[in-house]
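All remarks here apply to the structure that follows.
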Amino acid sequence: MTATAVTRKPVRWGRIALHLGCLAALLVMLYPLAWLLATSLKPADEVIASLDLLPGHLEWSNYETAFEGVNDVSIWRLLSNSLIIAGGAVLGNVISCSLAAYAFARLRFRFRGPLFAFMIATIMLPHHAVLIPQYIIFNQLGLVNTYWPLILPKFLATEAFFVFLIVQFMRGLPRELEEAARIDGCGPFRSFFQVVLPLTRPALITTAIFTFIWTWNDFFTQLIYLFDPDKFTLTLALRSFVDASSTSAFGPMFAMSVIALLPIVLFFLAFQRFLVEGMASSGLKG
Amino acid sequence: MPGHRTKGFCASAAALVLCAVLAGCGGSGESVGGGKVVLRYTWWGNPDRAERTERAVALFEKQHPDIRVQPSFSGYDAYKQKLAVQASGGDAPDVMQLDYRQIDQYASGGVLFDLGKQKSVLRTSEIDPGLLDTGRVDGVQYAVPQGRGTETVVYDVKAWKDSGVPLPKRGWTWDDWAESMRALKERTGRPGATDPGWSEDSFEVWLRGQGKSLYTEDGQLGFTADDLTRWWTFTDRLRREGAVSSAEETTQIDGTVENTPLGRGTALSDTNWDAPASGYLAIVPSGIALAPMPSGEDGTPGQYFKPSMFLGVGASTSHPKEAAQLIDFLINDDEAAKILGATRGIPVNETIRKETAPLLKDFDRTVSDYQASLEGTLKDPPQAPPSGDNALQTTFQRDYDQVSYERMSPREAAENYVTEAKAELRS
Amino acid sequence: MTTTAIPAEAQRTAGPAPKRRPKREREGAAWVFLSPWVLGAVVLTLLPMAVSLYLSFTDYNLFDPPRWVGLRNYTQMFTEDPRYWRSVVTTVTYVVIAVPLQLALALVVALALKSMKHGKAFYRSAFYAPSLLGASMSIALVWRAVFNDGGTVDNLLGTGGWVNKPGWALLAVALLTVWQFGAPMVIFLAGLQQIPAELYEAAAVDGAGKWRQFLSVTVPMLSPVLFFNLVLQTIQAFQVFTPAFAISAGKGGPADSTLVYTMYLYDRGFVASHMGYASAMAWVLLLVIGIVTAVLFRTSRSWVFYASEGDR
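Chains as they are written, first to last, in the working numbering: chain A, 2 to 287; chain B, 74 to 500; chain C, 1274 to 1585.
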């Protein structure tokens, strides 16, 4: 914060203007969110047709319907399914990406350059292109309609973005620590687990936050791989309220959207202070 | 396989694809849970349909203690994607709900089981032969219709009555319809209807009213660019006059009733299938009514009883008999019919339809009465559309957007469409 | 903390290699660490990619076995499919609108937050909030309401609805992406945090005003982060799918104005069941993104400033 020391001249007014500006921007930014909240309390005939922000009267029954769950599956079940998948994905990404990142950042092996380039290139892959082949593979392995197709890829470090993030972070760590550990007779494994990993915490938390949010919202993969309603997630259940061939229930859908949003918000709020730190010290510089 | 291998990895890729194709023919590894046969049963629908289906399935399990049914549902669009991926991965469910547009593709792709082989279990004698035939491809019964629906002009009763324009009546023609729309616009200031130009379904009704059809028997295009030009010129003129909804309104149609012009309160009527029209009850507070679709100038009816959905059995199922039993139960069982009501369209089993009609409540009753009023006046449904129709339905809508946003003349757009359609149907 | 500002030339090489003890045994260890990634890369990336490359030369309808057609999908795409080219134009337009807008907004907010003493964490979370949502169906419905005839935007600006006009709909889609600028904002904040305060102090001593400091200290020091964001967001923008799909209810309307590349790909592959054609489209997209990325890297040499280039 020392950088601001210089800019302190027009002291108060500048600051107040800054805050006012930010608040005004926030007002615009959060308006659609307010709309989302308000709509979740609108009666059926207003949900789509009304273009007013505020509901004519508060329709709490949308939430009652949402809490009943879908397809005989309670909302708690849906919630815990979502949590299992997001949790598994977080665990998988954190473990596998940090392992791979350590190798790329610190260890020497053949074809490292080309492999690294390949890893980066996979960020560019449009995932629709590999969807069907991946499905075939998981089907051959008998894993369709389990959580594995959603979690296993994360344990295999398929999300190159995070490998890259952690590589960048590890490169920023002082090499002397590992050197010291090595002199003490630590092999690469011990030095990874005991020296490097604890220091990588901010990057790992950043990985965890992004993985959690993205997995939670990933409708398409869940749709394709999950079959049994008992295994459905909140994100998946949301769509069950809207059906083009019969009657839709938009009110409860909005209510469930709000409910589905809560865990992400909580997760984010709990860990967000590490987010910038994780990015900053990973020296994400291209 | 007429594969062509260039490089090593191509060969392995081909091998993988082959594996997948073969997997489609092998068993899909159905487990037998605790000595019970487990059937996967998938369908699309909404929570109401889900609730009733769960109850019907529970009853089936009670009657067949050795079978366990694992039902699963999602919304229509999501369902289509999911089923396509599952089927191509050789993982089609044992019993699946199918749309008219899916039958041809799934049948010719080897995804569906020949139901004729389970004739002893699956009774179809109570189904109208014309309707039953819609589940046939190349003479094989691949699917059985589960409910039937038909198109309707659904309208805001109060607004229409208040306008003083005569209410729609049986046997009205497209010209009568157009005149009503103009009169409604004049008296109420609002467009009379959704612009039907975007809808392949409405076009089909119009076309059949002239004795033609969307597709020929051998799956080619059944109409010419001239026909389509006439249809789009007709709707485009009404749109320009403001008698039907504007392009900006029409484009917001996303399949839900809420986002149709009638649902949004910007038009007085809509052309839709009869069962989904129930959605209007909640959003058009002054009440809705159903009128028949307009017919051709000589009175030829264009609408028909369409199977609103089918049931089929996966070709890879290990339990074809049990799967057929489930379908038989859903279609022919009295108790099941009482539970299901008209949630999947009006029942196809004629006896059950007559028995359950008085029991139907609310809008189910409205639909049932509406269909009863048409009974015997409509022509047989066309055979299931060729698989290319899946894509063409969207193309139709896209090409009409070019007309309604005045970027192309009806003639240009129609010729575009016919070219695209021919290419699609060839491949 | 000197080592935190590392050069990180990740794009060009695999980065600094350990200089000491290039022992063979360590190579074994490296492969152990890499094994999950290698397994994933081979089974879940390379193999599916190979399959999709093969399929791009076939006619494959998802059900019947693929039929080899050589380059037909590619020639058809380039010469016979006007809608394909429209989707290309739409996507490029989208990239050109969404990426600069999103990055500019993320940068401005990050700069504002940086110079803030109180309430930083609050603002950061609040500005990030939209990014938690993704492009869900409910948010798409909200968007359609806000940008519809008589919606909030129409009332405020008198422009009429956006989502239902071919000339405007893509802008509404782009704004959904722009709105969710949380990730680049956080990356910018992180980059700003790393700029050593001494540089500003030195500039102030030299008599540089705020604007001058911004130009001569912040911009060059931030350029690597800006570059990282630019590359990542550009790649993502070329692959945009969900916002366009959600807002146009899967149709890409009105009048194909939001039918972006991946949506048309999806449409061809999963709706029309031309998986071969869709695979060919995917490979062309992959190549184009590769080329664009390479060009960005090439130009970066002239404007991206690496503070400690010699740190290796």
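Quick reminder that beta carbons are idealized off the backbone N, C-alpha and C, glycines included. These numbers were taken from a predicted model, which means no experiment stands behind them.
Which residues, in order along the segment 268-287 of chain B, keep a beta-carbon less than 7 Å from a beta-carbon of chain C? none
So which residues on chain A does D401/B lean against when the C-beta distance must stay under 9 Å? Those do not exist, as D401/B stays about 23 Å from chain A at its closest Cβ, beyond 9 Å.
Opposite M382/B in the DSSP bridges: which residues? M382/B is bridged by DSSP to G220/B.
What does the alpha-carbon distance come out to for the pair G220/B and G414/B? 10 Å
Can you name, in chain order, every residue of its own chain whose Cβ lies under 6 Å from the Cβ of A216/B, other than the five neighbours on each side? L171, I176, G208, F383 and G385
Along chain A, in chain order, which residues have C-beta atoms closer than 9 Å to that of R263/B? Within 9 Å Cβ-Cβ: nothing; R263/B doesn't reach chain A, min ~14 Å.
Of the residues that make up the segment 1421-1448 of chain C, which ones have a beta carbon closer than 7 Å to any beta carbon in chain B? Listed by position along the chain: D1422, G1434, N1437, K1438 and P1439.
Along the segment 1332-1345 of chain C, where does the CB come closer than 9 Å to a CB of chain B? Name the residues. D1332, Y1333, N1334, L1335, F1336, D1337, P1338, P1339, R1340, W1341 and G1343
So, at 7 Å on beta carbons, what are the nonlocal neighbours of G1542/C in its own chain, with the 5 sequence-adjacent residues on each side left out? M1548 and A1551.
Tell me, please, which residues DSSP counts as bridged to T416/B. DSSP, once it has assigned bridges, lists G418/B as partnering T416/B.
Once DSSP output is grouped into helix, strand and coil, what is the label at V1519/C? It is Ala, not Val, that sits at residue 1519/C in the sequence shown. Note: A1519/C maps to helix in three-state DSSP.
What residues of chain B sit near V1568/C, judged by a beta carbon separation below 7 Å? Chain B residues near V1568/C: none, gap ~28 Å exceeds 7 Å.
If you check the beta carbons only, do P1355/C and L100/A fall under 8 Å apart? No, they are not a contact pair.
Can you name the start and end residues of the alpha helix (DSSP H) that W1435/C belongs to? Note, W1435/C: premise wrong, no alpha helix (DSSP H); not H, not E.
Assumed close pair A90/A, T212/A - CB separation to whole angstroms, cut-off 8 Å: About 5 Å separates the two Cβ atoms, so the contact holds.
When you compare each of D274/B, V213/B and D401/B to S193/B by their alpha carbons, which one comes out closest? D401/B
Check Y114/B in the structure and name its three-state DSSP category. strand
Starting from the Cα of Q475/B, find the closest Cα among A486/B, F296/B, S460/B and L432/B and give me that residue. Cα-wise, what sits closest to Q475/B is A486/B.
Thinking just about the alpha-carbon of each residue, which of R16/A, F251/A and V145/A is nearest to the one in G162/B? V145/A
Taking 8 Å as the cut-off, does the segment 1341-1353 of chain C touch the segment 1485-1497 of chain C (at least 3 CB pairs, one atom from each stretch)? Output reads no: the segment 1341-1353 of chain C does not touch the segment 1485-1497 of chain C.
At a Cβ cut of 7 Å, what residues of the segment 471-484 of chain B count as close to chain C, listed as they run along the chain? R471, D474, Q475, Y478 and R480
Check the Cβ of N332/B against every Cβ in chain A and list those closer than 9 Å, keeping chain order. I49
Exposure label - E395/B; buried when at least 16 CB within 10 Å: Counting every other CB atom within 10 Å of its CB across the protein chains shown gives E395/B a total of 16 or more, marking it as buried.
Could you tell me whether the Cβ atoms of S501/B and Y228/B are closer together than 8 Å? This structure does not reach residue 501/B, given that chain B is present from 74 up to 500, and the question cannot be answered.
Quick one: is Y1539/C near chain A, going by C-beta distance under 8 Å? yes
Can you tell me which residues form a DSSP beta bridge with L185/B? For L185/B, DSSP records a beta bridge to G387/B.
Suppose contacts are defined by Cβ-Cβ distances below 8 Å. Is L19/A in contact with A1383/C by that definition? no
Looking at P138/B and Y114/B, is the spacing between their C-beta atoms short of 8 Å? No, the pair does not count as a contact, with Cβ atoms beyond the cut-off.
If you measure from the beta carbon of M1350/C to each beta carbon in chain A, is any gap under 8 Å? no
In DSSP terms, what L502/B is bridged to: The question about residue 502/B has no answer, for chain B in this structure spans 74 to 500.
Under 8 Å between the Cβ atoms of L1326/C and W1556/C? yes
How long is the line joining the alpha carbons of G372/B and E224/B, rounded to whole angstroms? 17 Å
Do N94/A and K43/A have their beta-carbon atoms positioned less than 8 Å apart in this structure? no
Can you tell which of R255/B, V142/B, P420/B and E370/B has the C-alpha that lies nearest to the C-alpha of G244/B? Among R255/B, V142/B, P420/B and E370/B, the Cα nearest to that of G244/B is on E370/B.
Taking its Cβ as the centre, do 16 or more other Cβ atoms sit within 10 Å of V1446/C, making it buried, or is it exposed? buried
Near-chain B residues of the segment 207-241 of chain A (beta-carbon distance less than 7 Å), N- to C-terminal order: Listed by position, the residues of the segment 207-241 of chain A near chain B (Cβ gap below 7 Å) are L224, I225, F228, D229, P230, R240 and S241.
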